[in-house]
Amino acid sequence: MQVSVKRLALYPLGVTRSGQIRGALLSPVPRLLSPSTRTLFSETGVWEKDYLKETRRRVEEWWHPRIMAQWQKDAQAEGSNRKKFYVLSMFPYPSGQLHMGHVRVYTISDTIGHFQRMRGHQVLNPMGWDAFGLPAENAAIERGLDPEEWTKHNIQSMREQLDNLGLCFNWDREVTTCLPDYYKWTQFLFIKLFEAGLAYRKEAVVNWDPVDQTVLADEQVDENGRSWRSGALVEQKLLTQWFIKTTNYAKPLLDALADLPEWYGVKAMQANWIGQCTGCYFDFKLKVNGEETGETLSAYSSSPETVFGEAYLAILPSHRLLHGTSSVRSALEKAFQPGRGELSVKVHVVLLCYMFMLHLCLTGIPDCSEEDLSVATALNLRWTTVLKSNKDDTQTLINSDEFSGLTREQAFESITQKAREQKVGGHLTSSKLRDWLISRQRYWGTPIPVVHCGSCGPVAVPEEELPVTLPKLPSLTGKGASPLEAAHDWVNCTCPRCKGPARRETDTMDTFVDSAWYYLRYTDSHNPDRPFERHLADHWLPVDVYIGGKEHAVMHLYYARFLCHFCKDQGLVAHREPFWKLLVQGLIKGQTFKLADSGQYLKREAIDFTGTRGRVEVTWEKMSKSKHNGLDPQEVVQQYGVDTVRLYILYAAPPEQDILWNVKTDALPGVLRWQSRLWQLVTKLRGARQPVDVPCPSLLKNKELAETKKIWENKNHAIQEVTSHLTEDFLFNAAISRLMGLTNTLSSATDRVVQHSVEFEEALAALVMMTAPMAPHLASELWAGCPLLQHGGDVLQQFWPNVDPEYLNVPDFVELSVLINNKACGTVTVPLEVSKDSERMQQLILESPLGKQLIGERGIKRAILSPRTALINFLIDE
Numbered sequence: 001m002q003v004s005v006k007r008l009a010l011y012p013l014g015v016t017r018s019g020q021i022r023g024a025l026l027s028p029v030p031r032l033l034s035p036s037t038r039t040l041f042s043e044t045g046v047w048e049k050d051y052l053k054e055t056r057r058r059v060e061e062w063w064h065p066r067i068m069a070q071w072q073k074d075a076q077a078e079g080s081n082r083k084k085f086y087v088l089s090m091f092p093y094p095s096g097q098l099h100m101g102h103v104r105v106y107t108i109s110d111t112i113g114h115f116q117r118m119r120g121h122q123v124l125n126p127m128g129w130d131a132f133g134l135p136a137e138n139a140a141i142e143r144g145l146d147p148e149e150w151t152k153h154n155i156q157s158m159r160e161q162l163d164n165l166g167l168c169f170n171w172d173r174e175v176t177t178c179l180p181d182y183y184k185w186t187q188f189l190f191i192k193l194f195e196a197g198l199a200y201r202k203e204a205v206v207n208w209d210p211v212d213q214t215v216l217a218d219e220q221v222d223e224n225g226r227s228w229r230s231g232a233l234v235e236q237k238l239l240t241q242w243f244i245k246t247t248n249y250a251k252p253l254l255d256a257l258a259d260l261p262e263w264y265g266v267k268a269m270q271a272n273w274i275g276q277c278t279g280c281y282f283d284f285k286l287k288v289n290g291e292e293t294g295e296t297l298s299a300y301s302s303s304p305e306t307v308f309g310e311a312y313l314a315i316l317p318s319h320r321l322l323h324g325t326s327s328v329r330s331a332l333e334k335a336f337q338p339g340r341g342e343l344s345v346k347v348h349v350v351l352l353c354y355m356f357m358l359h360l361c362l363t364g365i366p367d368c369s370e371e372d373l374s375v376a377t378a379l380n381l382r383w384t385t386v387l388k389s390n391k392d393d394t395q396t397l398i399n400s401d402e403f404s405g406l407t408r409e410q411a412f413e414s415i416t417q418k419a420r421e422q423k424v425g426g427h428l429t430s431s432k433l434r435d436w437l438i439s440r441q442r443y444w445g446t447p448i449p450v451v452h453c454g455s456c457g458p459v460a461v462p463e464e465e466l467p468v469t470l471p472k473l474p475s476l477t478g479k480g481a482s483p484l485e486a487a488h489d490w491v492n493c494t495c496p497r498c499k500g501p502a503r504r505e506t507d508t509m510d511t512f513v514d515s516a517w518y519y520l521r522y523t524d525s526h527n528p529d530r531p532f533e534r535h536l537a538d539h540w541l542p543v544d545v546y547i548g549g550k551e552h553a554v555m556h557l558y559y560a561r562f563l564c565h566f567c568k569d570q571g572l573v574a575h576r577e578p579f580w581k582l583l584v585q586g587l588i589k590g591q592t593f594k595l596a597d598s599g600q601y602l603k604r605e606a607i608d609f610t611g612t613r614g615r616v617e618v619t620w621e622k623m624s625k626s627k628h629n630g631l632d633p634q635e636v637v638q639q640y641g642v643d644t645v646r647l648y649i650l651y652a653a654p655p656e657q658d659i660l661w662n663v664k665t666d667a668l669p670g671v672l673r674w675q676s677r678l679w680q681l682v683t684k685l686r687g688a689r690q691p692v693d694v695p696c697p698s699l700l701k702n703k704e705l706a707e708t709k710k711i712w713e714n715k716n717h718a719i720q721e722v723t724s725h726l727t728e729d730f731l732f733n734a735a736i737s738r739l740m741g742l743t744n745t746l747s748s749a750t751d752r753v754v755q756h757s758v759e760f761e762e763a764l765a766a767l768v769m770m771t772a773p774m775a776p777h778l779a780s781e782l783w784a785g786c787p788l789l790q791h792g793g794d795v796l797q798q799f800w801p802n803v804d805p806e807y808l809n810v811p812d813f814v815e816l817s818v819l820i821n822n823k824a825c826g827t828v829t830v831p832l833e834v835s836k837d838s839e840r841m842q843q844l845i846l847e848s849p850l851g852k853q854l855i856g857e858r859g860i861k862r863a864i865l866s867p868r869t870a871l872i873n874f875l876i877d878e
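The sequence shown begins at 1 in UniProt numbering and counts up one residue at a time.
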C-alpha cells in the first residue's frame, strides 16, 4: 500500500481585510488514502498535478458552501464606514426553472459583487422575486391550484437552483412582491400618487387582450397590434381604468438623462420614448348648452403660450366623449372654470381625424398652424389673434390677459407655470407620450387600495388599514369580469370617509408597479413601519450598476425612474435618479432548425441533413423549449462545472452582445484549457519551491533578470487593464483575455526564474486574485494549494491587487523615432498622452523643425505609427 502524507506547511504571517492576524497554522492530521482516491488539497493536503474533471467536481463541492457562508459572514460584519457599492440584477419572475439568460445576468452581478468587495467596498447584491402576474394565474387555472401555492413552490425551486450555481446574494434582503409585507408598501406609494393627483381614474378606449382577458398599456402592444405577452391581436374596449400621470414628469425625466453615463444606447431609447418635451396638456371643464357636465377634457398644445388663441379642440372618433356614459354627443363648448386671476378660455370641440394625429385631443390654434387655420375657416369658427410680429422677427403676445406684452418665450414660461399652480396642466411633455395605464382585470396582482362610495366617490384606504390583502377564491376561470368581483364579502365594505356602504376596487395593479420600486425596498427589506428608512435608501442609492436585459430598456426603466423622481419630490429619498450605470445583456441563442414551408421547428437529432437541403432553415434564436434549442443550466453545470460555465458566459462575448451557444467551436474549449493552465502554474511553483524556501534574486543572471522585469511589467499591465474592464466598460471577455496573456507569460518562465524570482510569485498571486471573482471555486483552491502566495485568509478575502507605484512613474514625454521611406532620420519629442494617436503624431511631426526640413510639402502616401515601439514611418514621394 502506498501512503500519501500531507506535508506540514508553515503559512506566512498575514493580515486579512478584516484586520484578523493569520499565521503559523499547521496542516490537519494526514490521512491514509488508497492509490485510486482522487484528492483535494484543501481536504487532504495532497496536490494533484493535473486539473481533471473529477478534480474540478471535488473543488467545487468543497468550496461552494464555504464561499457562500463567508459571503454572508462578511456581509453581516461589514461596517458602514466602508464606501458602499450597490450591484443590482433585475429580479426574475418565479417560473420555477432558470434559463441560461438568468445564469448570464446573475453571473455578471456575482462577479462584480466579489470584485468590489475585494476592493474594500461594502457590497449590496440582493435578490428577490417579481412574483405577481398572469403566468402564475394562468398556470393555477390550468392546474386547479392556488396561484400563491404555485408561486411559492417555484420560488423555492429557483432559489435552490441559484444556490447550486454558487451565486452569492444578500439573501437576508430578499423581497417577494406577492407577499403582503411587500405589496402593503406598493399600495402605500399608490396612495401617495393618488393624494398628489397623479393616480386617477377615467373612462377610456383601451387595449384589450382577448386571450389573457385584461387591459394592456400602449407600451405592451407591439407595432403589429399584438399583445406583448400572449401574442394575440388586441381589441379596443371602452372601460373605466386607473392611470398614473407619468406625463407630468416627462421633462424632468428627459433632462436627467444628460447627467447619467452612457447606457449602451439605452439613454437614446429612453429619450426617444419620451420625445421632445415642447408642449403640454391643459385641462378643460366641459359645458353643454352652458351647463357643466362634470367632465374634464385634457388637450395637448404644442404652443401653450398661444392658448388664448385657440379656435377649437380636435378629438378623434375613438375619444371617450363619443362613447359610453358621456353626456357629450354633439358639438361641445368647454372652458376653464372662469374666475379672477385664472386662465379662462372658451372654444369649440370638433370631431376631426388629422393625418398623423397622435393625440385623442389637440388644440387648434390658427395663429400657429396653416392646417388649424384651414379647419377654423372651413367651420366658420371665431378665434382671437394673439401674436404680433415685431421688426426684429420676434413675436409678442396680444389679447392674452395678463400675459399680453410678453415675448413668446416669456409667455411660454409664465402660462405653463400658472397652469401648474392652478393644477390644470402645464407640465411639459411630448406629443406622443401617454399616461401609464395600470389597471388589470385579473386576480393575481396588488389590489388597488381604493373604495368606491356613492357619496364620496373614489376614496383611498387609510394607511393604518393597509395592506388590502387578496381574498382567497375557491376557483379561477380567467373569463369575464375581474375575478375579485366574485369575492362578495371582500368587495362590500364601508367608506373610510363617511362610513356609508362602499365597494372595493376590483382591478389589480400592473406588475410593472411592483418592480418600479423594489430597488428601494432592498435597502430596508424588513421594515414593518414604512417602505424604507430614508437614511438607508440615501446610503445605498443610486444603484452603482444595474444589470438586465435590453428588452426592459423602455418600459421598466421608465417606470422605475418616474417613481424615484416622485419619491424625491415626496421627501422619501434624496436621489432623483435610481440607477447610475446600466449594463444591458444580450441573449444566449441556440441553433434552430425549421421547415422552410411550414415554419415547424425540428429537433436536430430528427433531421436527415443529406435529404433536407434547402427545406430546412438553420438560424440562431432565443433559447426556447418550443424551438428545441434550449439548455437546462443544471445539466450544463453538471457536465462542465460552475466555474467553466461562468468563465464561458463572461468570455464568449461582451455583455451587450448575443452569445451563440456552440460548445464545439466557441469559447468553451478555450476556458477549459485556461483553467488547466492556471492549475499547472501552481503545480509549477510547488515543484520549484518548498513552502519554507526563500527566493534568492541575486543568483539570477542578466537574461533571467530581464525575464523577471517582463513578468513584472505584464503583471502591472494586467492589473491596470483588468481593473479598468471591471469598473468602467465591463468587458469581461477582454479582462479574461488579459489574464490569459499573463498566464502565457508565467507559463514560459524558466525554472530558475520560478525558483528565485519574487516577481513570479507576486504575478501568480495577482493572477489568482484577479481570477477569483470570475471563477471563485478554482481560484480558492489555487490559493489554498500554494502557501507561498498567501497573505492570510481565502482568496476572496484578499484586497484586490494594485499597480506598483514605480510602474506608474512614467515620463510625460517620449522620444519618437522618425523614419522616412524606412530610413531613420531623427527623433521628435512628443507628449506621451497622444503618442498612440496617429493623426496627432503626423501633425506634430510635420510642424516640428525636423518635419519641415525633411518632409515639407512633399506628398505623404502613408504614415505608419508602430503600436509597440515609439516609432513612425512616413512613406512619401521621392
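All C-beta atoms in this analysis are idealised placements derived from N, C-alpha and C, irrespective of residue type, glycine included. Computed from a prediction, not measured in an experiment: that's the story for all the values here.
query                                                                                                           : result
Beta strand (DSSP E) segment containing C361, residue limits                                                    : 361-364
Neighbour-count burial assignment, K861, 16 or more Cβ in a 10 Å radius                                         : exposed
C-alpha distance - K73 paired with Q657, whole-angstrom precision                                               : 35 Å
Distance between beta carbons of P126 and L167, contact taken as under 8 Å                                      : The pair is not a contact, with the Cβ atoms about 12 Å apart (cut-off 8 Å).
Same chain, Cβ closer than 8 Å to Q843, neighbours up to 5 away in sequence not counted                         : none
Alpha carbon of residue 883 to alpha carbon of M68, nearest angstrom                                            : Absent from the structure is residue 883, since the part of the chain shown begins at 1 and ends at 878.
C-beta atoms of W436 and A766 nearer than 8 Å                                                                   : no
Residue of Y51, F730, V795 minimising C-alpha distance to F651                                                  : One point to set straight first is that residue 651 is Tyr, not Phe, in the sequence displayed. Of the candidates Y51, F730, V795, the one whose C-alpha sits nearest the C-alpha of Y651 is F730.
Any C-beta of chain D under 8 Å from that of P147                                                               : The chain labelled as chain D is not found in the depicted structure, where only one protein chain is given.
Delimiting residues of the beta strand (DSSP E) encompassing residue 885                                        : Within the shown structure, residues of the chain are numbered from 1 to 878, placing residue 885 beyond reach of any answer.
Contact set for residue 889: own chain, Cβ-Cβ below 7 Å, skip 5 residues either direction                       : Given that the chain is displayed from residue 1 to residue 878, the structure contains no residue 889 and the question cannot be resolved.
Extent of the continuous beta strand (DSSP E) run through V59                                                   : No beta strand (DSSP E) contains V59, which is instead part of the alpha helix (DSSP H) from 53-77.
Same chain, Cβ closer than 7 Å to W242, neighbours up to 5 away in sequence not counted                         : A199, R201, I438, S439, I448, D507
8 Å Cβ cutoff met for A779 and T771                                                                             : yes
Other residues of its chain near Y93: CB distance less than 6 Å, five sequence neighbours each side excluded    : D130
Continuous alpha helix (DSSP H) assignments of at least 4 residues falling wholly in the stretch 105-176        : 134-143, 147-164
Length of the line joining the Cα atoms of E219 and N716                                                        : 49 Å
Burial state of E815, where buried means 16 or more other Cβ atoms lie within 10 Å                              : exposed
For N248 and R433, the rounded distance between their alpha carbons                                             : The sequence shown places Leu at residue 433, rather than the Arg named in the question. Using only the alpha carbons, I get a separation of about 10 Å.
Buried versus exposed, by CB contacts within 10 Å (16 or more), S301                                            : buried
Three-state secondary structure assigned by DSSP to P474                                                        : coil
Extent of the continuous alpha helix (DSSP H) run through R752                                                  : 751-756
Spatial neighbours of P467 in its chain, beta-carbon cut-off 7 Å, leaving aside the 5 residues before and after : P180, Y183, K184, Q187
For residue 951, the three-state DSSP class (helix, strand or coil)                                             : The structure shown does not extend to residue 951, since the chain spans only 1 to 878, so no value can be given for it.
Cβ neighbours of D372 in the same chain (closer than 6 Å, five flanking residues each side left out)            : G364, I365, P366
Outcome for H565 when other beta-carbon atoms lying within 10 angstroms are tallied against a minimum of 16     : buried
Cβ pair K589, W620 closer than 8 Å                                                                              : yes
For E223, the three-state DSSP class (helix, strand or coil)                                                    : coil
8 Å CB neighbourhood of D222 in its chain, flanking five on each side removed                                   : W228
Pair within 8 Å by beta-carbon distance, S157 and G101                                                          : no
Rounded straight-line distance, which links the Cα of L602 to that of R420                                      : 60 Å
Opening and closing residue of the alpha helix (DSSP H) in which Y519 lies                                      : 518-521
Top-ranked residue by Cα proximity to L124, from G793, E43, Y519                                                : Y519
Collapsed DSSP secondary structure at R615 in the structure displayed                                           : coil
CA nearest to the CA of M403, picked from T394, I415, Q395, D392                                                : A small correction: the amino acid at residue 403 is Phe; Met does not occupy that position in the sequence shown. Of the listed residues, the one whose Cα sits closest to F403 is I415.
Alpha-carbon spacing of C498 relative to L387, whole angstroms                                                  : 51 Å
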